[in-house]
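For reference, the structure discussed in these notes is given below.
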Amino acid sequence: MDLVVINLIDGLVTGLLLFMLSSGLTLIFSMMGVLNFAHASFYMLGAYFAYQISLYVGFWPGLLIAPLIVGVLGALVERYGLRRVHQYGHVPELIFTFGLALLIEEVVQFIWGKNIVPFDEPELLNFALFSIGGNAIPAYKVFMIFISIGIFLALLYVLTRTRVGMVIQAALSYPRTVEALGHNVPLVFMGVFGVGTALAGVAGVIAGPVLGTFPGMAFLLGSIVFVTIVIGGLGSLWGALVASLLIGWLTTFAATSTFEFASLLTAIGLERPEDLSESYIRDLWTLSLPQIGPILPYILMVLILVFRPFGLFGKRDV
Amino acid sequence: MNAPMSKTAVPALQLEGLRKSFGRTEIIRGVDLSIQRGELHAVIGPNGAGKSTLFNLITGRFAPTSGTVRLHGTDLAGMAPFQINRMGLSRSFQITNIFPKMTVFENVRCSLLWSQGYRYSFWNLVSRSRELNEGADEILEQINLTARRDLPAGVLSYAEQRALEIGITIAGGADVIMLDEPTAGMSHSETDYIVELIRKVTENKTLVMVEHDMGVVFGLADRISVLVYGEIIATGRPEDVRANPKVQEAYLGAALEAEH
Amino acid sequence: QDIKAAFIDPLSGPFAATGSNGLHQFQFAADRLVNEKGGLLGGRKLVVDGFDNKTSPQESLIQLQVAIDQGYRYIIQGNSSGVANALTEAIEKHNKRNPDSRVLFLNYSAVDPALTNDKCNFWHFRFDANADIKMDVLTDVIAGNKDIHKVYIIGQDYSFGKAVSAAANAMLKAKRPDIEIVGDELHPIGKVKDFTPYARKITAAGADAVITGNWGADMLGLGKALVANGYTGPVYTYYAAGSGITAAFGEAGKGVIRLVSEGQTNPPVSDVASAYYDAYKAKYADGNVDQTRITNTIAMLAAAIEKAGTADDVVAVGKALEGMELDSIWGTKLFMRPQDHQLIQNMHILQHTNEGVTYDYDNSGFGVVVESTVEMAGMDSPTTCKMDRP
Amino acid sequence: MLEVTDLHAYYGKSHILQGVNLSIQEGEIVALLGRNGVGRSTTCKAIMGEVPPQGSIRFKGTEIAGKKAFEVANLGIGYVPENRDIFPGLTTRQNLILGLKPRQKDGQGRWSMQDMFELFENLKNRADVEASVLSGGEQQMLTMCRTLMGDPDLVMIDEPTEGLSPQMVQRVASLLQEIARRGIATLLVEQKLSIALDIAHRVYVMGHGRVVFEGTPQELKAREDVRKEWLEV
Amino acid sequence: MTDTTHKSAVSTPASRLTLGQVAPWLFAIAFLVLLPFVFKSNAALTIMNQMMITIVFALAYNMLLGQGGMLSFGHAVYLGFGGFMCMHIMNAVEDNGLPLPLPLLPIFGGLFGLGLATIIGSFSTRRAGTVFAMISLGIGELIAACTVIIVVLFGGEEGISGDRTYGLPVFGYEFLQQIEVYYVLGFWTVLSALLMYLFSRTPVGRMANAVRDNPERAEFLGYSARWVRFYSFCASGFFAGVAGAMVAINYEILTEQSMSATQSGVILLVAFLGGVGFFFGPIIGAIVFTLLQSVLSLYTEIWQLYLGALFLATVMFFPGGLAGVLMMHVPVARLGKFGLLVMPYIKTLLPALVSVIGVSALMEIIFHYRHAPPGDEEMTLFWVTFDSHNLLAMLIAFVVAAAGFWVAKRNSGELRNAWHAANTPDGGRA
Ligand SMILES: Nc1ncnc2c1ncn2[C@@H]1O[C@H](COP(=O)(O)OP(=O)(O)OP(=O)(O)O)[C@@H](O)[C@H]1O
Ligand SMILES: Nc1ncnc2c1ncn2[C@@H]1O[C@H](COP(=O)(O)OP(=O)(O)OP(=O)(O)O)[C@@H](O)[C@H]1O
Ligand SMILES: CC(C)C[C@H](N)C(=O)O
Ligand SMILES: [Mg+2]
Ligand SMILES: [Mg+2]
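Chains as they are written, first to last, in the working numbering: chain L, 1 to 318; chain G, 1001 to 1260; chain R, 2001 to 2390; chain E, 3001 to 3233; chain S, 4001 to 4430.
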């Protein structure tokens, strides 16, 4: 029973972390229509910047400064790269971010080397807040929960209480007309991209110490963030939140489950062969749920897209 | 021109009790209409009356909430646009709907493929078929776009795109042709030209047309239906409709005089 | 004319760190053990050049072909048994089809037992202990620790992880039937973002010890999650040191992380070894000698070439390597078992700590110190290898 | 109010505008007539800065040639493009809100959303549906209203009556006159001569990228030759 | 056009093949046949084989992206599946002594690719756009994950290997040597490319373009957008499978890498680099990319940095890809004004090249400076050996880069003018 409670908490943490990442992407993807494949790379940059900063002034200033730098970088990328590519259409944009991801990974290796860097959580939060059934809940995780919720509320405000969202959505189809109505579209695009990447930066600073800060960290999260926002439904912040939590819990429970597919096979009347190497389904006999845990979100996404192409909360076609 | 055919013939297009709601608003509120083979029929009505929606219901773009649509006697319920098109019904769009990245020639040639029996074949080469290429060029000639043949359709001017829109619609040689505001955005001389063209290509065919240009409507149509708030308030010969006081009030207003 | 060895390993991509560290150690070893002493066969230098295989079997085959064309006759590889399996087959075919340009495969780190069992061939030599031998050593230690009653086995879902699991199960059962294996599972390789759920499960199962073959980010993630969850028992590992991992564990890994490995750098075994290490540090300030088997590989290759009297006839060199015995500067005897080309050497259990560390890793103050030793481990471990010799 | 002198514009290398001169006073309706493709829309676009203009465009005394479209708009020029450009995915109401200037609130200008709904009942009924499903005519109305929401001092309207029913055409005509009464200058690009001649104070006729005639509607009616050569009627 | 077409008007193509249509293919065949006489080494052959595999795969991919407007993030799955099945066939043939000549293997690869595509396509092609892209991503990840889980079929991370010399020599060839394999692959490359080219000229192929541009309108022309997509998808799966079989023949091993998301991403980049808007674009992309990946990585450790930069540069400045750049010159050539461009090109591109060399030299020096062990500070760059810790070297590289850039920039105006001039027919519309 304890394990279930623990899993709920762990899943929440994982989910909210995912949400931090996907909120920025949702912002960018749904508003600008840019499938930003470099999003996770900005997340990585956040972690590395924070690490570098933490070497001089500790963790906390990094939490503030690193996302800022990432955001400015993102804005510059928009200004001098994406904006140019935008006119050619979505696929070139995507390729652009693809190339960017490649480049950022290389640059990170160029600067910080290929090894894992020792980026740790701040001393202040490096203790177990409480523990359930011998499992410690680190204070840092609780801190993560609060930050994510804060981000969610702030974004919700910006999206529902300001005109920015509408301007961008309109500009997607007719940028010139929106400009002719007096809106500075390029500036708004730059801002959105900056904010989106800065959010990725925040996620990087926070996740870096827990998930490890190394050049492959971006690749690891690269596609799962897309899965999240697609499941949630494009343009829906609530969708991103729900999908993140769903994925968080799904993967957490899958990882801790002890379900074996063998039991399923026995249930349908098959008998475990003496010599597994003879059986064509020998892999099924030894398969367990944790083994396929990380691909569950993809299965979920495909199913959702086949039966509900708008995602869970989306109103329009993804 | 073509007098309505005898009562016994199956109508080209027959609508019965057609209704369509979007959410709680009912846009088409029970339309009954029967259009004979060879008839040139115009649908007029105020903006937002549901004319384009009616087109969309007939061509399978929307599914009706209730009621039936019959094409040459066949119920079209549940059919997709491509299935309806294969039965010989072709339409144009009020808001230009072409293939912007393909050349003008390709646009037209693609619209010939199915009707010339090429279907999903991957054993024929389109460039080797004389009838396809000549047919496409002929259409281009007709809509005056031969000079623009090899340009991507997206760079044509607005009026040229409208012409292409019509070209694509008539290319397949369907026997029921539906045109949604074919002359919108065209200048006087171009309008006259297009009207002539429509008259020519719809000879012995059925035409359903939506237009706000009364000159075009009264010059072309055998019969006119007036759609107001999703209901047909009058159907008949042009003179009758023009004289109908309800129509004058709901639609034509004083504008008719000012126009011509 | 130089004797050329091609180092085909990842120099870019996620495993680049291990790859480039390995390359540096090879080049250093070649210089220090051979070239600075006047070369081989009366003055020929031994050079090791890097070929980036991006950890891809296919790309490895391309690079193999390139290397062979450029006159490389010694192929060095170690990262990922998957690549090693592809290479050993490709090399066997190549040598059969092109007798004029045969090459030897010096495997310094791919430990899938199959390479010296069912898939063995004359051209392949392994300088690391294979997974079974390592597990034998590990389970000896566990068997000797009466405090351990419950063991959890976790690994990456691929051939090496499965080999570790199979060996652990079999050997624990044989050596300590009373030990309960409370968990035995595989997780997808390189895909798990957060190991916390696994750590929870391990704690919940009440494990006294954990055995894992994880490496890279998977090792770090698992270890950190365990520690963060309050786990205090030993974690027996294969690859939890160097390449940034030691630094990243830092204080948290102390008393927890154990490593089974051939290398003894702490405490240093001899002045020669210390001098070697010092020289390496002088050259690569950020680097570690975390794979002492690399030194051994070069030493044995050099000895074999000298013994064969040729560097170009790799059959002769291979024959010279077979059964060769040598003293390693790291204080162990080396014996290349002729039946399967598996190197037999002393194995150690090392402990992650900052006490008594002369040579730390990643300049972190932490390093690995020998806790116990099994001499000439796996000397008579069985093998199914049936080798055709040219 | 608006003074355009020797305006040139290009698409790629084709020279579309070849020295256009025109001016508009406060509260004046000026019609810009001409055949398809003579460059009337391009003139509007050049003034807005959507097509790079060469020459001088002075608005309320400021040179605006070379300014960005949103800067021009914020100076008080409104533009209703010919192809409607309804923002799909936004509702009618949201489309109207986007007409407001960045820091402007509804009701601050000459026109409020309420006014618009009163003017065109169709829009009111359709206020909260996605605007892309509006009928062609409704979209035309929406575009016009959207621009008015931004409270421009000068509006350029490109073919406002296209696709409108005869009745609605009348309505638009009176709206244009109402606009003028509120002191707003209008540049009207029209195909339908009758309307243009009815409501315009002055007309320009364009041909081949130049203004070929300038005068009052009465003068134009009198000039058979101009109408034949440049307007085909 | 050529003289054989004189009779027919521009609009009606001759019903006989024209030399203009056949010439590129004959040229390609001749080129492929002769290439091994220039590049004889096995390594060169291996790289050329890899190139041909990438060509077929990239062309197959572009049937989706370029022609059908379907952005796939998981196309490696079909290549991999075809390849794996071919490995199994190869092993089965060897074990059972079946009489299946090796050169026929690609047919089976294609059929298996087609089979899988039929299944997946049946639901993934219902929609285009992001839905399709994301389903392909999901399916790609799913099947890629299966490769390590389902060991029976995919052999885990070790993959499945076999021996192509399984007997049954074809015309006395046993495929022991790379050169023999080269010609087998060459044959299949030409054949597949030709078939794919012809496919793009068939009614389905044409409609794929139409559906890409405007699926809704296509439906009103009698075509179901979904079926058109489905057919393109299946055809693409077939040729991806052929490429997979080529992998099997060339490497005699297939591993999960061939099916991985990385591989799927790479092929997208390759196709785009070459230019998705042109049939032959992906061919160029495949050649350039393979060279970069296999050859550049021999010379520098930071090749991926260059690769990333190249992609960014391509997408920012040449959205039509390399083929787009080439095709930009067709109008110029038609006007016979190519001569106008030669000097300006030399004057701009040469310094630009120098600048690029300077920048890369700078990168290399910095890289060496940061990573070279002390005492080993010598580096060789462009046949010059120097001390990377010597500031002078960096300075020189920087000056070269800056000077090149400056000259190129200064001359670019001239190039722009020349470009205009070359594109303007004497006294006509542009
Ligand atoms: N998908 C939809 N959802 C909700 N309302 C819709 C939808 N499609 C159309 N409508 C509404 O139905 C009404 C009729 O639209 P329709 O396009 O048929 O008008 P129309 O008669 O063609 O007018 P016009 O002459 O202006 O083109 C309009 O008020 C429109 O807003
Ligand atoms: N984006 C473009 N690229 C190239 N040429 C263009 C472009 N837009 C317009 N043109 C050309 O410029 C000329 C003038 O176009 P413009 O739209 O200003 O004409 P117009 O007078 O408004 O006519 P219309 O009645 O068709 O709207 C036309 O010949 C048109 O083909
Ligand atoms: C370098 C090691 C991490 C490789 C691992 N031993 C394997 O066999 O795959
Ligand atoms: Mg309509
Ligand atoms: Mg216009």
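All residues carry an ideal CB built from backbone N, CA and C; glycine is no exception.
(message) Helix, strand or coil, according to DSSP, for Val-2103(R) in the structure here?
(response) Reduced to three states, the DSSP call for Val-2103(R) is coil.
(request) For Phe-29(L), name the three-state secondary structure that DSSP assigns. (result) In the structure shown, Phe-29(L) falls within a helical segment according to DSSP collapsed to helix, strand and coil.
(request) Grab me the residues of Ala-3127(E)'s own chain with a C-beta within less than 8 Å of its C-beta, minus the 5 sequence neighbours each way, in chain order. (result) Excluding positions up to five away in sequence, the list reads Thr-3091, Thr-3092, Arg-3093, Phe-3117.
(message) Please list, in chain order, the chain L residues whose beta carbon lies closer than 9 Å to that of Ala-3073(E).
(response) Those within 9 Å of Ala-3073(E) in chain L are Glu-179, Ala-180, Leu-181, Gly-182, His-183.
(request) Select from Glu-2306(R), Pro-2382(R), Leu-2301(R), Asp-2362(R) the residue whose C-alpha is nearest the C-alpha of Leu-2104(R). (result) The option with the nearest alpha carbon to Leu-2104(R) is Leu-2301(R).
(message) Against His-2187(R), what residues of chain L qualify as contacts under a CB-to-CB distance less than 9 Å, listed in chain order?
(response) Listed along the chain, the chain L residues whose CB falls inside 9 Å of the CB of His-2187(R) are Ala-255, Pro-290, Gln-291, Gly-293, Pro-294.
(message) Using beta carbons (cut-off 8 Å, strictly below), is Met-3168(E) in contact with chain G?
(response) Chain G, which has a Cβ nearer than 8 Å to the Cβ of Met-3168(E), makes this yes.
(request) For Tyr-2158(R), return the contacting residues in chain S, with the cut-off set at a CB-CB distance below 7 Å. (result) At a C-beta separation below 7 Å, Tyr-2158(R) has these neighbours in chain S: Val-4148, Gly-4156, Glu-4157.
(request) Could you name the residues of the same chain whose beta carbon sits closer than 7 Å to that of Met-190(L), not counting the 5 residues immediately before and after it, in chain order? (result) Hits under 7 Å: Ala-75, Glu-78, Arg-79.
(request) Please compile the residues from chain S whose C-beta is within a distance smaller than 7 Å of the C-beta of Arg-84(L). (result) Those are Met-4316, listed as they occur along chain S.
(request) Would you identify the three-state DSSP class for Leu-4198(S), choosing helix, strand or coil? (result) Three-state result, Leu-4198(S): helix.
(request) Mind checking which residues open and close the beta strand (DSSP E) that includes Gly-1117(G)? (result) Run containing Gly-1117(G): none; DSSP gives neither H nor E here.
(message) With three or more beta-carbon pairs closer than 8 Å as the criterion, would you say the segment 2001-2017 of chain R touches the segment 1216-1233 of chain G?
(response) Contact fails between the segment 2001-2017 of chain R and the segment 1216-1233 of chain G, because fewer than three Cβ pairs, one in each stretch, are under 8 Å apart.
(message) Excluding the 5 residues flanking Ala-1003(G) on each side, which residues of the same chain have their C-beta closer than 7 Å to its C-beta?
(response) In this prediction, Ala-1003(G) scores a pLDDT of 44, lower than 50, which makes its location untrustworthy; the coordinate-derived value is nonetheless stated afterwards. When the five nearest sequence neighbours on each side are left out, no beta carbon in the same chain lies closer than 7 Å to the beta carbon of Ala-1003(G).
(request) Using 7 Å as the cut-off, classify the Cβ of Asn-3036(E) as near or not near the heavy atoms of ligand 2, replying yes or no. (result) Asn-3036(E) Cβ: within cutoff of ligand 2.
(message) Is Ile-1027(G) near ligand 1 - that is, is its Cβ less than 7 Å away from at least one heavy atom of it?
(response) Result yes, Cβ under 7 Å from ligand 1.
(message) Taking 8 Å as the cut-off, does the segment 4241-4251 of chain S touch the segment 4177-4194 of chain S (at least 3 CB pairs, one atom from each stretch)?
(response) Segment contact: the segment 4177-4194 of chain S against the segment 4241-4251 of chain S, three or more CB-CB distances shorter than 8 Å; contact assigned.
(message) For a test of the three-state rule: what should DSSP assign to Val-1226(G), helix, strand or coil?
(response) Correct three-state label for Val-1226(G): strand.
(message) Here's the rule: buried if 16 or more other CB atoms are within 10 angstroms of the residue's CB, otherwise exposed. What is Met-4343(S)?
(response) The residue in question, Met-4343(S), is exposed, as its Cβ has fewer than 16 Cβ neighbours within 10 Å.
(message) Considering only the alpha carbon of each residue, which of Gly-1185(G), Ile-1028(G), Ala-1171(G), Pro-1046(G) lies closest to Thr-1053(G)?
(response) Nearest option by C-alpha distance: Ile-1028(G).
(message) ligand 2 and Tyr-1193(G): does any heavy atom of the ligand fall closer than 7 Å to the residue's C-beta?
(response) Taking the Cβ of Tyr-1193(G) as the reference point, every heavy atom of ligand 2 lies at 7 Å or farther away.
(message) One question on the structure: do Leu-2064(R) and Ile-2008(R) come within less than 8 Å of each other, judged by their Cβ atoms?
(response) The beta carbons of Leu-2064(R) and Ile-2008(R) sit closer together than 8 Å.
(message) For the segment 2192-2222 of chain R, list every residue whose C-beta sits within 7 Å of some C-beta in chain L, in sequence order.
(response) Cβ contacts with chain L: Val-2192, Lys-2193, Asp-2194, Thr-2196, Pro-2197, Tyr-2198, Arg-2200, Lys-2201, Thr-2203, Ala-2204, Ala-2217, Leu-2220, Gly-2221.
(message) Run through chain R and tell me which residues come within less than 8 Å of Ile-336(L), C-beta to C-beta.
(response) This structure leaves residue 336(L) out entirely; chain L is present only between 1 and 318.
(message) Under 7 Å: does the beta carbon of Gly-1215(G) sit that close to some heavy atom of ligand 1?
(response) Because no heavy atom of ligand 1 lies under 7 Å away, the Cβ of Gly-1215(G) does not count as near it: no.
(message) According to DSSP, is Thr-2332(R) part of a helix, a strand, or is it coil?
(response) Three-state result, Thr-2332(R): coil.
(message) So with CB distances below 8 Å, who are the chain R contacts of Pro-138(L)?
(response) Neighbours of Pro-138(L) on chain R, chain order: Ala-2228.
(request) Let me know the secondary structure DSSP gives Arg-1019(G) once reduced to three states. (result) The answer is strand: DSSP assigns Arg-1019(G) an E or B state.
(request) May I ask you to check if the CB of Arg-1104(G) is nearer than 7 Å to at least one heavy atom of ligand 2? (result) For the record, residue 1104(G) in the displayed sequence is Val; it is not Arg. Outside the cutoff, so no.
(request) Under the assumption that Val-4288(S) contacts Thr-4054(S) (Cβ atoms under 8 Å), give the Cβ distance between them as a whole number of angstroms. (result) The Cβ separation is near 10 Å, so there is no contact.
(message) ligand 1 and Ala-1049(G): does the residue's C-beta get closer than 7 Å to at least one heavy atom of that ligand?
(response) Result yes, Cβ under 7 Å from ligand 1.
(message) Against Glu-2262(R), what residues of chain S qualify as contacts under a CB-to-CB distance less than 8 Å, listed in chain order?
(response) Chain S residues near Glu-2262(R): none, gap ~24 Å exceeds 8 Å.
(message) Judging by CA-CA distance, which residue of Val-4276(S), Ser-4232(S), Leu-4111(S) is the nearest neighbour of Phe-1122(G)?
(response) With distances taken between Cα atoms, Phe-1122(G) lies closest to Ser-4232(S).
(request) Compute the distance between the beta-carbons of Leu-221(L) and Ala-40(L), then report whether it is under 8 Å. (result) Contact: yes.
(request) Determine the closest residue to Ile-2154(R) out of Lys-2146(R), Ala-2143(R), Ala-2166(R), with distance taken between C-alpha atoms. (result) For the residues Lys-2146(R), Ala-2143(R), Ala-2166(R), the minimum Cα distance to Ile-2154(R) belongs to Ala-2166(R).
(request) Just the C-alpha distance for Val-4400(S) and Ile-4284(S), rounded to the nearest angstrom, thanks. (result) For Val-4400(S) and Ile-4284(S), the gap between their C-alpha atoms comes out near 30 Å.
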